[in-house]
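Written out below as structure tokens is the structure these notes cover.
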Amino acid sequence: MHGRCNLACRYCYLYEGPDRTWRSRPAAAPPGVLERTALRIGEHAAAHGVTALSLVLHGGEPLLAGVDTLARFTGLVRDRTPDDCTVHATVQTNATLLTERRLAVLAGHSIRVGISLDGGLPEHNTLRTDHAGRPSWPAAARGARLIAERHPEAYAGILTVVDPTTDPVEMYESLLALRPPALDLLLPHGNWSAPPPHREGPGTPYGDWLCAVFDRWWQAGRRETRVRLFEECVALLLGLPAVTESLGLAPFDAVVVETDGSIEQVDSLKSCYEGAARTGLDVFRNSFDQALRHPGVAARQAGAASLAAACRACPLLTVCGGGHYAHRYRAGHGFTNPSVYCADLQRFIRHVARRLRLAGASAVRAAPAGSADSPVPAASAVSPVPAAPAASPVPPVLPAPVVPAALEGDVL
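With the numbering used here as the guide, the letters of the sequence shown map in order to residues 607 to 1018.
Structure below.
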């Protein structure tokens, strides 16, 4: 929606990374680009019988485009899609420009608001400054509290990039204080040629951090908030489907339209090298079906076949899925590599698997053999995979996890 940002976060992969294509594009998407994009979305939904789609209004800082523009474009997409197709619209913002009026417009047009923060305290957000070097936290905190208090129905949640130098439990609890219905914990974009910070040496700082937050979340006894990475890891370990870029083998299912109408792959690829997300397509000349046939997109539809041999042979394959695509890059070798976070992901997944096994064993001991409350039949040590995920990530009785055989007996 807008290709510029009112902040100058010092770690931003988009503006501080190797890709500079944003400089040659218009700051805001012109009306013609928005009209044509809505048309392309509508034709794609109609051609494939799509009954639900996600429309993410992104940037830069999308609120710089104006909430009325965001509302008009969302309405245009809904008008162009078939009547039986639900458009789930979300705007991802740094929250500094949120006001009561802007939130009322977004909520009135059923546009949910996702917020990007580095934590729930001022000291967590010192790298998130404006172009004059002034801290963004006061305005961002006001925006986050405003939506929690006035428009909770429009609150999508908070996206946070993991910083292993912070206290994990303090960080998590500080975010809880902002009352998000969901959290997205993302690993910083890095790769083998440009490693993420604090990833030197043989340790697993990111995996350790995630394990500590998972334990705090898991042991709460109730779902204080959804944590997508945790819930999807649990689902995958239980043999249930999960859709995330960070884990699993589900095919890539997102495309980006830039402010000039260019159709690109997901913009996290811009952390790898100049033009990594480019397809050469645009909404004026090309359909999204043509984008699906682009070699770069097709490679991400291939599942395990597109992974490195070491990943295909790994017992964690169906859960890890090779990790985030952008994190596999190595200059001169492309993306057919394990994730630069391979050790961290193994540490985290094995830890979650062990928690699931312990929870299942405790439930077995607590229930009389063969009783209605027993999670496993009296004559079996393994329960079938349930038909649907539990309503809570910490149900009172868990089915036995369908963990890879190589994890059985691991103690971490």
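The beta carbon of each residue, even a glycine, is placed where N, CA and C say it ideally should be.
Range covered by the alpha helix (DSSP H) that runs through residue i
i      : result
Leu752 : Trp743 to Arg756
Arg646 : Pro637 to His654
Leu835 : Arg834 to Leu843
Thr942 : From DSSP, Thr942 is part of no alpha helix (DSSP H); its letter is neither H nor E.
Gly681 : Val673 to Arg686
Nearest-angstrom Cα separation, counted from residue j out to residue i
i      : j      : result
Ser742 : Asn731 : 8 Å
Cys878 : Arg936 : 8 Å
Asn797 : Pro803 : 11 Å
Asp873 : Val849 : 18 Å
Ala614 : His737 : 5 Å
Arg785 : Arg829 : 12 Å
Ala897 : Thr885 : 8 Å
Val683 : Arg960 : 45 Å
Leu781 : Gly725 : 6 Å
Phe836 : Phe954 : 10 Å
Leu723 : Leu670 : 18 Å
Asp888 : Asp685 : 21 Å
Ala677 : Glu851 : 27 Å
Val775 : Arg718 : 27 Å
Val861 : Ala914 : 24 Å
Ala910 : Asn943 : 12 Å
Leu791 : Pro688 : 34 Å
Glu667 : Tyr621 : 12 Å
Gly809 : Asp950 : 8 Å
Ser998 : Trp823 : Note that Ser998 has pLDDT 38, beneath the 50 cutoff, so the model's placement of it is unreliable and no number is given.
His930 : Arg834 : 14 Å
Leu765 : Leu645 : 30 Å
Gly638 : Thr865 : 10 Å
Gly881 : Thr772 : 33 Å
Ala713 : Gly665 : 19 Å
N-terminal and C-terminal residue of the beta strand (DSSP E) that residue i is part of
i      : result
Arg718 : Ile717 to Ser722
Glu870 : Ser868 to Glu870
Ala897 : Run containing Ala897: none in the beta strand (DSSP E); it sits in the alpha helix (DSSP H), Phe894 to Leu898.
Val697 : Thr692 to Thr699
Buried or exposed (CB count within 10 angstroms, at least 16 for buried), residue i
i      : result
Gly655 : exposed
Glu838 : buried
Arg899 : exposed
Ala760 : buried
Ala652 : exposed
Ala695 : buried
Glu806 : exposed
Ala987 : Note that Ala987 scores a pLDDT of 31, beneath 50, so its modelled location is shaky; the value from the coordinates is reported in the next line. Looking at its Cβ environment, which holds fewer than 16 other Cβ atoms inside 10 Å, Ala987 is exposed.
Glu706 : exposed
Ser912 : buried
Chain-order list of residues whose beta-carbon lies under 6 Å from that of residue i (same chain, five-residue window excluded)
i      : result
His650 : Phe894
Gly854 : Leu842, Ala848 and Gly927
Ser660 : His694
Thr692 : Ala658
7 Å Cβ shell around residue i - same chain, five flanking residues per side excluded
i      : result
Phe890 : Arg642 and Gly867
Lys876 : Tyr619, Leu620, Gly623, Asp625, Ala882 and Ala883
Cut-off 8 Å between Cβ atoms - residues of its own chain near residue i, not counting five sequence neighbours on either side
i      : result
Val768 : Leu791, Leu792, Leu793, Pro794, Tyr812, Trp815 and Leu816
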